[in-house]
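Enquirer: Before I ask anything, here is the structure I am working with.
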Amino acid sequence: MRKALLFLALIALVSTSCKKDNTPAKSPEEVYAERLNGNWNVNQLNYTATVPVPVFGSIPINGTATNAGSISFNTPAKTANYNIRFLPTLTGLPIPIDTVRLVGTGTFTNTTTAITLTEASGQVVVFNVLTNEANLQVLRTSLNYPLDSATNVPVTLEMRLSR
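Under numbering that gives the first Met the number 0, the final residue of the sequence shown carries the number 162; numbering is consecutive throughout.
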């Protein structure tokens with residue numbers, strides 16, 4: 000009798016361990032979206048722009064900023080928002096400089112190489128993924144900064160994000 004019970008227990012154990020998992024495997028895009036979920040700090044920001052100045056012509060602006068804001072992704076809702084700010088450096092020019100603020104919110108989609116954010120205004124911002132790690136993301140994008148009521152300046156940003 001003992002041998003029969005042991006044999007039945009062994010069969011039950013083997014049959015439960017051989018069941019197939021019916022959960023479909025996640026795509027690389029789904030895995031990346033889950034990795035993005037949450038709040039990210041912009042620890043380092045490299046920026047490049049060319050600003051038209053009436054008397055001086057076009058002035059290139061390049062620089063690096065630290066602690067330059069944040070980006071948040073809510074993967075279940077597929078929403079995102081960003082708040083990036085930095086003070087550009089113009090050495091030797093008598094032009095008043097103000098903090099550049101780039102703020103946006105909207106819905107996002109992603110592949111493993113890009114995040115596309117469609118803002119409520121309809122503007123589309125594409126963040127190209129240069130590094131994709133659990134606690135480090137490096138993204139590159141170009142955003143339009145409204146210099147005044149008539150002038151938008153394209154600003155290229157490369158951002159190092161960490162949690």
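Cβ atoms here follow ideal geometry from the backbone N, Cα and C, with glycine treated the same way.
Every value quoted in this text rests on a predicted model; they were computed, and no experiment measured them.
On a CA-only basis, which of Thr115, Val123, Asn21, Asp147 is nearest isoleucine 32? Give me that one, please.
Expert: By one-based count along the sequence shown, residue 32 stands at place 33. Correcting the residue type first, residue 32 is alanine in the shown sequence and not isoleucine. Cα-wise, what sits closest to alanine 32 is Thr115.
Enquirer: Span of the alpha helix (DSSP H) holding leucine 35?
Expert: The sequence position of residue 35 within the sequence shown is 36, counting from 1. Unbroken alpha helix (DSSP H) run through leucine 35: 27–35.
Enquirer: Taking a contact to mean a Cβ-Cβ separation below 9 angstroms, would you say valine 124 touches leucine 146 in this structure?
Expert: By one-based count along the sequence shown, residue 124 stands at place 125. By one-based count along the sequence shown, residue 146 stands at place 147. No, the pair does not count as a contact, with Cβ atoms beyond the cut-off.
Enquirer: For leucine 86, which residues from the same chain have a beta carbon less than 6 angstroms from its beta carbon, with the 5 sequence-adjacent residues on both sides left out?
Expert: Translated into the one-based positions of the sequence shown, residue 86 becomes position 87. If we look at leucine 86 and ignore the five residues flanking it on each side, its Cβ neighbours are Thr98.
Enquirer: So the candidates are Asn73, Val137, Arg84, Thr104; which of them puts its Cα closest to the Cα of valine 128?
Expert: The residue you call residue 128 lines up with position 129 of the sequence shown. When each option's Cα is compared against that of valine 128, the closest is Val137.
Enquirer: Cα separation between arginine 100 and phenylalanine 55?
Expert: As a position in the sequence shown, residue 100 is number 101, starting the count at 1. As a position in the sequence shown, residue 55 is number 56, starting the count at 1. Straight-line Cα distance between these residues: approximately 24 angstroms.
Enquirer: Closest by CA to lysine 77, which one among Thr88, Ile83, Thr108, Glu157?
Expert: Position 78 of the sequence shown, counting from 1, holds the residue named residue 77. Nearest C-alpha to lysine 77: Thr108.
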